[in-house]
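Worksheet: one structure, shown below.
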Amino acid sequence: MSFFQGANGVSIGQGTFNVVTGNQTNNNNIYNHYIAERQKKKRRIYDEFPDIQRGLVHRLKDVDHKDGLFHWNFGSHKYEVEFKVERTISTAKIHGDSSTFTVVSYKGQDAQKAWEKEFRRFSETTNTTKMQLFGINRSRIPLLIFYGELLPLDHFWDELGDFGLAYARTLSDNMNWGESEIWIDPAQGTLVRGVKGPGCDLTGVPLTDEPLPSSVELLLNEDVYFRFFSRFPLDKELDRRTIHVIEGISTREERGPLININQPFVFSSKTNFIITIESGVFWYGDGVLGSRVCMPDGRTRFTLEEECAPCLFLDSFCPIAWLSQASSVFLRLGISLDEELWSSKLIVPVVNLRGSIENSSIKQQRRSEHPPIYLFRPLPPFPLLGDDSVLSTHTWSHDKNGETPFAHHHCEYLGLPTKLYERSFSTHTYRWSSSTYKRIHKWQIARGFDPTTADFARYLEHPIYKVLPESEAGRFEELNMVGPMLDSL
């Protein structure tokens with residue numbers, strides 16, 4: 034054999050001899066070297082994303098630019114500079130990829146700090162409700178590159194009606210998103226939470242605490258909005274808020290002079306008559322008053338809530354009571370919703386009442402040892418005397434029906450006010466277009482109510498409006514109950 038050439042006196046016993054030919058490699062040494070290198074270069078979170086060179090990024094359009102990033106200081110109650118950085122958000126293409134991306138670039142003194150904070154925020158996204166990170170660049174001008182061509186809600190502002198604003202506000206509240214953090218993904222038809230973009234003011238009414246789908250159609254399409262929310266189970270608060278959204282579309286409010294009438298009514302400038310008047314007054318309670326109930330006889334009942342608040346407040350102000358039954362009133366009067374309805378003016382006396390609760394420890398203890406305490410606000414008429422007038426127009430009781438009111442001395446024993454102070458009294462006038470009345474008419478039908486009746490108003494616990502014959506409407510004017518105010522409208 035060739036491996037014994039030139040060898041003399043070779044002796045092989047009974048052992049085993051292995052022959053290895055060719056170049057020899059110590060595999061054990063290579064493996065140990067690999068382990069050592071791996072330990073030296075431990076995988077980091079940055080390695081989870083491709084490093085995209087800036088030269089591969091082709092910016093198409095800038096959608097936002099900020100000279101500095103700010104945060105709210107709860108101690109000083111003002112915005113302060115968090116990072117001194119120029120941050121620009123653009124839509125872009127990446128060389129070699131046909132997709133469109135959203136690129137955030139950082140430049141300036143705190144560029145690395147600002148980049149790092151927002152990278153940490155989006156590097157662990159695990160669902161579709163947030164911007165999804167595609168790639169990064171960690172150079173002197175670092176980049177965050179997100180999937181998709183994302184657009185800030187602010188860019189759709191002119192397309193949002195009151196329904197869209199209400200939906201965006203509800204989604205923002207329920208998902209705990211900041212108003213400037215809402216972005217639209219047109220390709221997916223969804224809204225997502227992202228980096229802070231252009232600011233927008235979501236003043237719409239939040240509709241519900243229930244989880245909502247993230248949908249551009251709900252944001253921009255009124256018919257889709259109606260179909261979706263009308264399928265919710267009956268919920269008085271949802272329905273009241275929806276009417277509030279609708280009536281805000283075309284409300285005109287005018288503050289008028291005082292009049293000697295304390296019930297809301299509707300005046301027609303076409304006939305110069307009062308056409309309908311509210312059978313009661315819708316009262317709101319605040320301070321220590323909660324759990325409002327409209328009694329069958331028209332009174333309003335509130336439950337006293339022991340939260341050590343020093344005051345109770347009562348406000349008579351509710352145009353929604355009229356809107357929830359306007360269709361039925363117009364039908365009885367032979368007025369079509371296709372007519373121009375600006376001439377029908379709702380005139381509402383707005384009364385603010387205030388009372389003081391005694392909150393000494395002994396008074397609180399006495400109230401806590403008793404059954405629930407109720408406040409009852411009676412039906413009008415009641416006197417309207419002007420600011421700071423003293424009124425005795427309420428009762429207290431342990432009885433849910435208020436049939437056994439407290440005596441004066443028992444109110445004092447419990448620290449309850451026997452008289453309320455009229456803080457202010459004014460008159461507001463409202464007018465709506467026919468389109469507003471039609472939308473509410475449509476909502477009533479979608480919720481399963483007959484708009485030719487006052488059932489929707491009863492369900493919402495609103496006082497019912499009484500249609501006045503012309504003879505009775507004229508009697509109001511003869512008595513000068515409306516006075517010069519109607520002449521000025």
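With this note's numbering applied, the sequence shown has no gaps in its numbers, which climb one by one up to 522 at the end.
A virtual CB, placed ideally from N, CA and C, is assigned to each residue, including glycine.
Item to check | residue 90 - containing alpha helix (DSSP H), residue span | outcome: From DSSP, residue 90 is part of no alpha helix (DSSP H) but of the beta strand (DSSP E) over 90–106.
Checklist entry - Taking just the CA atoms, how far does residue 463 sit from residue 441? => result 40 Å
Next on the checklist: To the nearest angstrom, how far is the alpha carbon of residue 241 from that of residue 264?
Outcome noted: 13 Å
Next on the checklist: Considering only the alpha carbon of each residue, which of 471, 165, 337 lies closest to residue 388?
Outcome noted: 337
Checklist entry - Going by DSSP, which residues form a beta bridge with residue 406? => result Its beta-bridge partners do not exist; DSSP assigns none.
Item to check | Whole-angstrom distance between residue 197 and residue 254, CA atom to CA atom | outcome: 8 Å
Checklist entry - In terms of alpha-carbon separation, which member of 157, 112, 92 lies closest to residue 137? => result 92
Item to check | Whole-angstrom distance between residue 272 and residue 486, CA atom to CA atom | outcome: 17 Å
Item to check | Residue interval of the beta strand (DSSP E) (run including residue 4) | outcome: Residue numbering for the chain in the displayed model covers 34 to 522; residue 4 lies beyond these limits and cannot be assessed.
Item to check | Distance between beta carbons of residue 479 and residue 259, contact taken as under 8 Å | outcome: 6 Å
Checklist entry - Along the chain, where does the alpha helix (DSSP H) that runs through residue 168 open and close? => result Where residue 168 is concerned, there is no enclosing alpha helix (DSSP H), although the beta strand (DSSP E) it sits in stretches over 166–170.
Checklist entry - Assuming residue 354 contacts residue 470 under a Cβ cut-off of 8 Å, what Cβ separation, rounded to an integer in Å, is found between them? => result Wrong, their Cβ atoms sit about 14 Å apart, outside the cutoff.
Checklist entry - Where do the ends of the beta strand (DSSP E) carrying residue 275 lie? => result From DSSP, residue 275 is part of no beta strand (DSSP E) but of the alpha helix (DSSP H) over 269–280.
Checklist entry - In chain order, what residues of the same chain have a beta carbon less than 7 Å from the beta carbon of residue 366, not counting five sequence neighbours either side? => result 308, 500
Checklist entry - When you compare each of 162, 443, 168 to residue 86 by their alpha carbons, which one comes out closest? => result 168
Next on the checklist: Using the three-state DSSP reduction, which class does residue 502 fall into: helix, strand or coil?
Outcome noted: coil
Next on the checklist: Short of 6 Å in beta carbon distance, which residues of its chain neighbour residue 67, apart from the five on each side in sequence? Order them along the chain.
Outcome noted: Bear in mind that the predicted position of residue 67 carries a pLDDT of just 44, short of 50, making it too unreliable to give a figure here.
Checklist entry - Cβ of residue 147 within 8 Å of Cβ of residue 118? => result yes
Next on the checklist: Between residue 251 and residue 193, how many whole angstroms is the CB-CB distance? I'm expecting something under 8 Å.
Outcome noted: Not quite, the Cβ-Cβ distance comes to about 11 Å (not below 8 Å), so this is no contact.
Item to check | Backbone CA spacing between residue 126 and residue 222 [nearest angstrom] | outcome: 21 Å
Checklist entry - What are the residues that DSSP puts in a beta bridge with residue 138? => result 121, 176
Item to check | Inter-residue spacing [alpha-carbon to alpha-carbon] between residue 432 and residue 454 | outcome: 25 Å
Checklist entry - What are the partner residues of residue 395, as DSSP defines its beta bridges? => result DSSP, once it has assigned bridges, lists no residue as partnering residue 395.
Checklist entry - How long is the line joining the alpha carbons of residue 477 and residue 466, rounded to whole angstroms? => result 17 Å
Checklist entry - When DSSP labels each residue in this structure, what does residue 411 get in the three-state scheme? => result coil
Item to check | Residue of 312, 174, 216 minimising C-alpha distance to residue 565 | outcome: The chain is shown only over 34 to 522; residue 565 falls outside these bounds and no answer can be derived.
Checklist entry - By the 10 Å Cβ neighbour count, where 16 or more other Cβ atoms means buried, how is residue 129 classified, buried or exposed? => result exposed
Checklist entry - How close, in whole Å, do the beta carbons of residue 164 and residue 228 come, if the pair is a contact with beta carbons under 8 Å? => result 7 Å
Next on the checklist: What I want to know is whether the C-beta of residue 272 ends up closer than 7 Å to one or more non-hydrogen atoms of the ligand GTP.
Outcome noted: Ligands displayed in this structure: none; no statement on the ligand GTP is therefore possible.
Checklist entry - Thinking C-beta only, is residue 79 closer than 8 Å to residue 134? => result no
Checklist entry - Hey, quick one: how far does the beta strand (DSSP E) through residue 473 stretch, first residue to last? => result That residue, residue 473, is in no beta strand (DSSP E); its alpha helix (DSSP H) goes 467–479.
Item to check | Own chain residues within Cβ distance below 8 Å of residue 63, not counting five before or after | outcome: Residue placement at residue 63 is poorly supported in this model, since its pLDDT is 45, which falls under 50; the coordinates are not used for a value here.
Item to check | residue 252 in three-state terms, based on DSSP | outcome: helix
Next on the checklist: If distances are taken between C-alpha atoms only, which option among 397, 90, 132 comes closest to residue 220?
Outcome noted: 132
Checklist entry - When you compare each of 429, 410, 383 to residue 403 by their alpha carbons, which one comes out closest? => result 429
Checklist entry - Among 374, 399, 310, which residue has its Cα nearest to the Cα of residue 302? => result 374
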